[in-house]
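First residue of the sequence shown? That's 1 in our numbering, and the numbers climb one at a time after it. For glycine and all other residues, C-beta sits at the position ideal for the given N, C-alpha and C. Each remark here refers to the structure printed beneath this line.
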Amino acid sequence: MKDVIIPRRKWLAVATLYSTTLAWFYLFYAYIFDKVLFVQSNSPFLLNIGKVVFFVSVVASGFVGSLLSEKVSSRKFLSYWIAFGILSTASLAFFAGTVFAFVISICLGASFGLCFPLCQAILTTSTSIEERGRVAGITIFFTFVLVVGILIPTTVLNFGVLELVLMSIGLKVAGIVALFLDPLKRESGRIESWFTVLTAPNFASYLVPWLIFQVANGIFLFVQLPPSVDLPSISTIGLIIEYIGTILAALISGFLADYFGRKQPILAGLLMLGISYAMLALATNSFSFLILMLAEGVAWGLIAVSYMQVVIGDISTNFGSKEKFYLLGGMVIPFLIKSTFSLIQESSQFTIAASALSPLLSIVLFVSVVPVWRAMETLPMAKIRERKLRKHVEKISKIVLESKD
Numbered sequence: 001m002k003d004v005i006i007p008r009r010k011w012l013a014v015a016t017l018y019s020t021t022l023a024w025f026y027l028f029y030a031y032i033f034d035k036v037l038f039v040q041s042n043s044p045f046l047l048n049i050g051k052v053v054f055f056v057s058v059v060a061s062g063f064v065g066s067l068l069s070e071k072v073s074s075r076k077f078l079s080y081w082i083a084f085g086i087l088s089t090a091s092l093a094f095f096a097g098t099v100f101a102f103v104i105s106i107c108l109g110a111s112f113g114l115c116f117p118l119c120q121a122i123l124t125t126s127t128s129i130e131e132r133g134r135v136a137g138i139t140i141f142f143t144f145v146l147v148v149g150i151l152i153p154t155t156v157l158n159f160g161v162l163e164l165v166l167m168s169i170g171l172k173v174a175g176i177v178a179l180f181l182d183p184l185k186r187e188s189g190r191i192e193s194w195f196t197v198l199t200a201p202n203f204a205s206y207l208v209p210w211l212i213f214q215v216a217n218g219i220f221l222f223v224q225l226p227p228s229v230d231l232p233s234i235s236t237i238g239l240i241i242e243y244i245g246t247i248l249a250a251l252i253s254g255f256l257a258d259y260f261g262r263k264q265p266i267l268a269g270l271l272m273l274g275i276s277y278a279m280l281a282l283a284t285n286s287f288s289f290l291i292l293m294l295a296e297g298v299a300w301g302l303i304a305v306s307y308m309q310v311v312i313g314d315i316s317t318n319f320g321s322k323e324k325f326y327l328l329g330g331m332v333i334p335f336l337i338k339s340t341f342s343l344i345q346e347s348s349q350f351t352i353a354a355s356a357l358s359p360l361l362s363i364v365l366f367v368s369v370v371p372v373w374r375a376m377e378t379l380p381m382a383k384i385r386e387r388k389l390r391k392h393v394e395k396i397s398k399i400v401l402e403s404k405d
């Protein structure tokens, strides 16, 4: 890829660690809870409580990890974290029961949350601002290619506990390979306080729409689809289609972020999600619901690359403690909001008809566009103009060469 200066070996190491860690999370959330941990309890309530315990563990361990990563060798920290994840995941093949399910949910939450902000910070420090969007886009592209590549055979072949555990362990083991490819050292710098992080210029401007976006996702849990949508039979295929949309959008988002600025793909993603929620009232059958899932996946891909990785990376460039920025923006807000709305929905069993909820969600999403529109662009305009000028010069040079021939 042109204009990318990150060494290929380092990129491969960073992408491997990042992609396999995130893919493990999506596999765990999609299958391990339902088919392994809480399958014997046959209780939707316990299943939901287990997921909340997992989310809280992710956030709590993220806080611990963000502090430890500033004081210990990142290579050693990542090594111990990966080993802990392998052992925790392997225990799923040997133990069962409700008590074990809750205990291991805490351990598995830590096996994701403890070092994932560090993985994100390493990707940021390994790239220059001109290439960060494309590198992040391709990394997240491979993440969801991996997720879909696992979900399809898992669904078609109806894998059991042992197969699911082995695949999850394989994803964790891949992290060790990354450490052999590159030391993956974090950037040293002054340790920032939480107050400094929260008051960093432009951080709140992007944090507010991200908060609104997550609230909209939480409200979506209360939607009651019409009986004509056979949700149980299409839920897995809908998830795969959503991830395919994310795969397509991740590449696009990364290139847009580098060539036109970070705000463009975020705005496009929010508008796309607003439109998809407006389509919710029209989801009267399974096919139309799958189209809705595809649109939501595209929106998520546009937003995930530009916001969760690139914008936070840009804002934290002049600060130490990048893990704290990623923890607050990428973990605390989405996981705590998801947990809160899940508990409310499960305890109250309250639902709203899709036709009534659709306009509310659309309004909430369109409102979130305003703070993004007014926020400062995190990619310097000089970089955008420089790239456009370079492209212009290249075109002129090509025309001159062709005229000589």
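* Can you have a look at Ile32 and say buried or exposed, based on whether 16 or more other CB atoms are within 10 angstroms of its CB? => Locating residue 32 in the sequence shown gives position 32, where the first residue counts as 1. The residue in question, Ile32, is buried, as its Cβ has 16 or more Cβ neighbours within 10 Å.
* **Three-state secondary structure (DSSP) of Gln120** => Walking along the sequence shown from the start, residue 120 turns up at place 120. Of the three classes helix, strand and coil, the one that applies to Gln120 here is helix, per DSSP.
* Would you call the CB atoms of Gly254 and Ala136 closer than 8 Å? -> Within the sequence shown, residue 254 is the residue found at index 254, counting from 1. Within the sequence shown, residue 136 is the residue found at index 136, counting from 1. Closer than 8 Å, so yes.
* Asked: Is the region 303 to 314 touching the region 240 to 258 in the sense that three or more CB pairs, one from each, lie closer than 8 Å?
  -> yes
* Asked: Three-state secondary structure (DSSP) at Ala375?
  -> Here the question's residue 375 lines up with position 375 in the sequence shown. In this structure, Ala375 counts as coil in the three-state DSSP scheme.
* Asked: When you compare only the Cα positions, how much space is there between Phe335 and Val103?
  -> Position 335 of the sequence shown, counting from 1, holds the residue named residue 335. Position 103 of the sequence shown, counting from 1, holds the residue named residue 103. About 19 Å.
* To do: Measure the C-alpha to C-alpha separation of Ala268 and Leu282 and round it to an integer number of angstroms.
  => By one-based count along the sequence shown, residue 268 stands at place 268. By one-based count along the sequence shown, residue 282 stands at place 282. Going from the Cα of Ala268 to the Cα of Leu282 covers about 21 Å.
* For Gln349, does the three-state DSSP call read helix, strand or coil? -> As a first step, residue 349 is located in the sequence shown; it is residue number 349 there, counting from the start. Here Gln349 carries a coil assignment [DSSP, helix/strand/coil].
* 8 Å contact criterion, which Ser66 and Phe77 should meet: CB distance rounded -> Counting from 1 along the sequence shown, the entry for residue 66 is found at position 66. Counting from 1 along the sequence shown, the entry for residue 77 is found at position 77. About 11 Å; that fails the 8 Å criterion.
* Beta-carbon separation (whole angstroms), Val197 vs Leu361, contact threshold 8 Å -> Translated into positions along the sequence shown, residue 197 becomes position 197. Translated into positions along the sequence shown, residue 361 becomes position 361. About 30 Å; that fails the 8 Å criterion.
* To do: Determine the closest residue to Thr317 out of Leu294, Tyr259 and Asn202, with distance taken between C-alpha atoms.
  => Taking the first residue of the sequence shown as 1, we reach residue 317 at position 317. Comparing Cα positions, the closest option is Asn202.
* Pair every Cβ in the region 344 to 355 with every Cβ in the region 164 to 178, then say whether three or more of these pairs are closer than 8 Å. => no
* 8 Å contact criterion, which Ile234 and Leu151 should meet: CB distance rounded -> The residue labelled residue 234 in the question sits at position 234 within the sequence shown. The residue labelled residue 151 in the question sits at position 151 within the sequence shown. Their Cβ separation, rounded to whole angstroms, is 14 Å, which puts Ile234 and Leu151 out of contact at 8 Å.
* Asked: So, helix, strand or coil for Val364, using DSSP?
  -> On the sequence shown, residue 364 is found 364 positions in, with the first residue counted as 1. The answer is helix: DSSP assigns Val364 an H, G or I state.
* Asked: Exposed or buried, which one is Asp34 when buried takes at least 16 other CB atoms within 10 Å?
  -> The sequence position of residue 34 within the sequence shown is 34, counting from 1. The residue in question, Asp34, is exposed, as its Cβ has fewer than 16 Cβ neighbours within 10 Å.
* Asked: Can you name the start and end residues of the alpha helix (DSSP H) that Glu130 belongs to?
  -> Taking the sequence shown and counting its residues from 1, one reaches residue 130 at position 130. That residue, Glu130, is in no alpha helix (DSSP H); it is neither H nor E in DSSP.
* Asked: Using the C-alpha atoms, what's the distance from Leu292 back to Ser276?
  -> Locating residue 276 in the sequence shown gives position 276, counting from the first residue. Locating residue 292 in the sequence shown gives position 292, counting from the first residue. One C-alpha to the other measures close to 6 Å.
* Figure out for me which residue from Val364, Ser79 and Ser88 has the closest Cα to the Cα of Phe180. => Position 180 of the sequence shown, counting from 1, holds the residue named residue 180. Of Val364, Ser79 and Ser88, the residue nearest in Cα terms is Ser79.
* Asked: In chain order, which continuous runs of the beta strand (DSSP E) of length 3 or greater are located wholly inside the region 205 to 240?
  -> none
* **Close Cβ partners of Glu377 (< 6 Å) along its chain, the five nearest in sequence each way excluded** => Working through the sequence shown from its first residue, we reach residue 377 at position 377. Result list for Glu377: Gly261 and Lys263, in chain order.
* Put Gly97 into one of helix, strand or coil per three-state DSSP. => Taking the first residue of the sequence shown as position 1, residue 97 is located at position 97. Of the three classes helix, strand and coil, the one that applies to Gly97 here is coil, per DSSP.
* Asked: Considering only C-alpha positions, which residue in the set Glu130, Ile333 and Thr98 is nearest to Val215?
  -> Residue mapping note: residue 215 aligns to position 215 of the sequence shown, counting from 1. If we check each option's Cα against that of Val215, Ile333 comes out closest.
* By the 10 Å Cβ neighbour count, where 16 or more other Cβ atoms means buried, how is Arg132 classified, buried or exposed? -> Taking the first residue of the sequence shown as position 1, residue 132 is located at position 132. Buried, since its Cβ has 16 or more Cβ neighbours within 10 Å.
* Asked: Mind pulling the alpha helix (DSSP H) runs of 4 or more residues that sit fully within the region 242 to 326?
  -> 263 to 278, 286 to 303 and 312 to 315
* Straight-line CA distance for Lys322 to Trp210? -> What you label residue 322 is simply residue 322 of the sequence shown in a count that begins at 1. What you label residue 210 is simply residue 210 of the sequence shown in a count that begins at 1. Computed Cα separation, rounded: 18 Å.
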